[in-house]
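>
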DNA sequence: CAAGCTCTGTACGCTAGCGCACATAGGCGT
DNA sequence: ACGCCTATGTGCGCTAGCGTACAGAGCTTG
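Residue numbers (full-length UniProt numbering), protein chains in the order written: chain A, 1 to 239; chain B, 1 to 239.
1) Please classify residue 29 of chain A: does DSSP put it in a helix, a strand, or coil?
2) Determine the direct distance from the alpha carbon of residue 91 of chain B to that of residue 90 of chain A, and round the result to whole angstroms.
3) So is residue 72 of chain A buried or exposed if we call it buried at 16+ other beta carbons inside 10 Å?
4) CB-CB under 8 Å to residue 44 of chain B, same chain, minus the five flanking residues each way: which ones, in chain order?
5) Quick one: complete alpha helix (DSSP H) runs, 4+ long, within the region 101-187 of chain A?
6) Mind checking the region 79-97 of chain B against chain A and listing, in chain order, the residues whose C-beta falls within less than 7 Å of any C-beta there?
7) Quick one: using the 10 Å Cβ neighbour count with 16 as the cut-off for buried, is residue 176 of chain B buried or exposed?
8) Looking only at its own chain, which residues have a Cβ that is under 7 Å from the Cβ of residue 154 of chain B, when we skip the five neighbours before and after it?
9) To which residues does DSSP link residue 51 of chain A through a beta bridge?
10) Taking residue 61 of chain B as part of the beta strand (DSSP E), name the residues at either end of that continuous run.
11) Less than 7 Å between CB atoms is the rule here; does residue 126 of chain A satisfy it with respect to chain B?
12) Between residue 223 of chain A and chain B, is there a C-beta pair that is closer than 7 Å?
13) Quick one: residues in its chain with C-beta nearer than 7 Å to the C-beta of residue 42 of chain A, no 5 flanking neighbours on either side, listed in chain order?
14) Rounded to whole angstroms, what is the Cα-Cα separation between residue 150 of chain B and residue 211 of chain A?
15) So the alpha helix (DSSP H) residue 16 of chain A belongs to, where does it begin and stop?
16) How is the alpha helix (DSSP H) around residue 83 of chain A delimited, first residue to last?
17) Strictly by DSSP, which residues pair up with residue 38 of chain B?
18) Using a beta-carbon distance cut-off of less than 8 Å, what residues from the region 99-125 of chain B approach chain A?
19) Count the other CB atoms within 10 Å of the CB of residue 99 of chain B; is the residue buried (16 or more) or exposed (fewer)?
20) The alpha helix (DSSP H) with residue 216 of chain A in it runs from where to where?
21) Between the region 184-198 of chain A and the region 121-138 of chain A, do at least 3 Cβ pairs fall closer than 8 Å?
22) Just the C-alpha distance for residue 247 of chain A and residue 193 of chain A, rounded to the nearest angstrom, thanks.
23) So if I threshold CB-CB distances at 7 Å, which residues from the region 143-158 of chain A count as touching chain B?
24) Would the region 69-84 of chain A and the region 45-57 of chain A be scored as touching if the rule is three or more Cβ pairs under 8 Å?
25) With 16 as the cutoff for other CB atoms within 10 Å, does residue 145 of chain A come out buried or exposed?
26) Bridge partners of residue 190 of chain B, per DSSP?
27) Taking only beta-carbon positions, decide if residue 190 of chain B is within less than 7 Å of chain A.
28) Whose Cβ in chain B lies nearer than 9 Å to the Cβ of residue 7 of chain A?
29) Check the Cβ of residue 136 of chain A against every Cβ in chain B and list those closer than 9 Å, keeping chain order.
30) Quick check: the Cα distance between residue 130 of chain A and residue 172 of chain B, rounded to an integer number of angstroms?
31) Could you tell me which residues DSSP puts in a beta bridge with residue 70 of chain B?
32) Along the region 54-67 of chain A, where does the CB come closer than 8 Å to a CB of chain B? Name the residues.
33) Compare the beta carbon distance of residue 232 of chain B and residue 108 of chain A with 7 Å and say whether it is the shorter of the two.
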């Protein structure tokens, strides 16, 4: 028999009281998420919500002409599928696995039942959704005002915060899709960071070698989002 | 004695069953909102939530250097202050009255009590919050991919949808602050629209004379947001 | 080992939007 | 009526990022 505490591998679930986890444990299912896998398509109902453990999921807006932009990123601090409990059931955005790994998932209906118990889980999910709102808002600002260089730093740091080590498996092409810029633009910016000794990469493997250096270059957007996540999701007593 | 149906001047409240409105009526207060008034400052707790009647409120992200960007706009289809019931109490964004008018407001604590009854009001507010998420996400995309021309069209249409007539009181300077672009850029785009006979304006007064023309020029972002608002908030039966 | 594909680097002209400076013009108060 | 403030128009050089094209370089697969 698994201990309910295994669910705490997801930091969001880790904020729940242990007796809640115990009750929920049987409903959860551990799944493997592969790079590029879609967890949610525009306008389609999701069957499950996903609580990542060591995977990262990007929420993307895709436009008619195929151009895309990442509007938020979800790792083990969060959950993919807020539209299920928010009542809309679907969203116009896609959820794509950006870094392979594992997640716990829960059937949509079970989550909704849980949500409408109006207990700690509901309060937790709502606080998380507010953090997500902030991330989206800040992404909008960043897209407007900051350079590709700065946005690449932000993106690297956001990813790093959600990964165990300091390595990312990610091509410049994919990063460009996330940021909604040209691949060549990413090549150029990544080249600068490599020359400055902050990262090293080859063929889809990026290693961050100087995190403080990245933090020195990033725009304020990163800190704003991080501060808000910490404020909203680091105080289990309020749940 | 006022009829509870006066609250239906706000379309969101209008989706609530009449017996709910009746119970809530005594708690509401009608207030006047003046141009430029702040309903919420970054990181500060709001005392009330506001349900606009004929006013428009912009949610703005303001950066350290003073540059700003509108991340969403709220009119009589919505409510200002979602952070109060989402549990975070504050947000890093500001809420500024963009078009003067009136609103019903409700004390924060009363709203929270109401929200935690887990009745129609809760479901309604959550659906609205999801619509807001979509608006923010689409704003992020639009900031990334579309021209000032297109964004001006989007902004005009979003405002028009939330106003009774076809006139806006708004200088190009203020529009530039909302969109996060230069004032001269707005002058130029607005000039094009005026030459094309879609709008006419002088010194802070804009009249939309050819709405279909605007709709023909706007990017898809406007339609995506509108469709999602309609889907989420035009079916009272689901509340 | 060779072929082929994917990833990365680089170059070049182009455009949108920026920052700045300044000119004009409408409305308002005295 | 006059002057002042605010809103709008315009011009100019500059830069970031785009679109396009193409070249080398490293896996991978037959």
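Where a beta carbon is used, it is the ideal one built from N, C-alpha and C, also for glycine.
Quick caveat, the model's predicted, so the values are computed rather than measured.
Taking the coordinates as given:
1) Your numbering for residue 29 of chain A matches position 29 in the first chain. Residue 29 of chain A falls in the strand class under three-state DSSP.
2) Against the first chain, residue 90 of chain A aligns to sequence position 90. Against the second chain, residue 91 of chain B aligns to sequence position 91. Each residue's alpha carbon lies about 25 Å from the other.
3) For the purposes of this step, residue 72 of chain A is taken as the residue at position 72 of the first chain. Buried, since its Cβ has 16 or more Cβ neighbours within 10 Å.
4) As a working mapping, residue 44 of chain B is identified with position 44 in the second chain. Correct list, in chain order: 90.
5) 108-115, 120-145, 148-161, 172-179
6) 83, 86, 87, 88, 91, 92, 93
7) Locating residue 176 of chain B in the second chain gives position 176, where the first residue counts as 1. Per the 10 Å Cβ criterion, buried.
8) For the purposes of this step, residue 154 of chain B is taken as the residue at position 154 of the second chain. Hits under 7 Å: 142, 218, 219, 221, 222.
9) As a first step, residue 51 of chain A must be located in the first chain, where it is residue number 51. DSSP lists A:104 as partners of residue 51 of chain A.
10) Here the question's residue 61 of chain B lines up with position 61 in the second chain. Taken as a continuous stretch (DSSP letters only), the beta strand (DSSP E) holding residue 61 of chain B covers 56-62.
11) What you label residue 126 of chain A is simply residue 126 of the first chain in a count that begins at 1. Residue 126 of chain A counts as touching chain B.
12) Within the first chain, numbered from 1, the residue matching residue 223 of chain A stands at position 223. No - not a single Cβ of chain B is within 7 Å of the one on residue 223 of chain A.
13) Walking along the first chain from the start, residue 42 of chain A turns up at place 42. Around residue 42 of chain A: 62, 92, 93, 94.
14) As a working note, residue 150 of chain B is residue 150 in the second chain. As a working note, residue 211 of chain A is residue 211 in the first chain. Approximately 38 Å between the Cα atoms of the pair.
15) Position 16 of the first chain, counting from 1, holds the residue named residue 16 of chain A. Taken as a continuous stretch (DSSP letters only), residue 16 of chain A belongs to no alpha helix (DSSP H), as it is neither H nor E.
16) Position 83 of the first chain, counted from the start, is the residue given in the question as residue 83 of chain A. Residues 82-86.
17) Numbered from 1 along the second chain, position 38 holds the residue referred to as residue 38 of chain B. DSSP output for residue 38 of chain B lists B:96 as bridge partner(s).
18) 116, 118, 123
19) Taking the second chain and counting its residues from 1, one reaches residue 99 of chain B at position 99. So residue 99 of chain B ends up on the buried side.
20) Within the first chain, residue 216 of chain A is the residue found at index 216, counting from 1. From DSSP, the alpha helix (DSSP H) with residue 216 of chain A extends over 211-217.
21) no
22) Summary: the structure shown does not reach residue 247 of chain A, with chain A confined to residues 1 through 239, and so no result is reported for it.
23) 143, 144, 145
24) yes
25) Position 145 of the first chain holds residue 145 of chain A. Result: buried.
26) The sequence position of residue 190 of chain B within the second chain is 190, counting from 1. Paired residue(s): none; residue 190 of chain B is not in a bridge.
27) Start at 1 with the first residue of the second chain, and residue 190 of chain B comes out as number 190. False, the Cβ-Cβ gap to chain A never drops below 7 Å.
28) The sequence position of residue 7 of chain A within the first chain is 7, counting from 1. The premise fails here: residue 7 of chain A is roughly 21 Å from chain B at the closest Cβ pair, so nothing lies under 9 Å.
29) By 1-based counting over the first chain, the position of residue 136 of chain A is 136. What residue 136 of chain A touches in chain B: 71, 133, 136, 137, 139, 140.
30) As a working note, residue 130 of chain A is residue 130 in the first chain. As a working note, residue 172 of chain B is residue 172 in the second chain. In a straight line, the C-alpha of residue 130 of chain A is about 32 Å away from that of residue 172 of chain B.
31) In the second chain, residue 70 of chain B corresponds to position 70, counting from 1. BP columns for residue 70 of chain B point to B:60.
32) 59, 61, 63, 64, 67
33) For this step, residue 232 of chain B is matched to residue 232 along the second chain. For this step, residue 108 of chain A is matched to residue 108 along the first chain. Contact flag unset, no.
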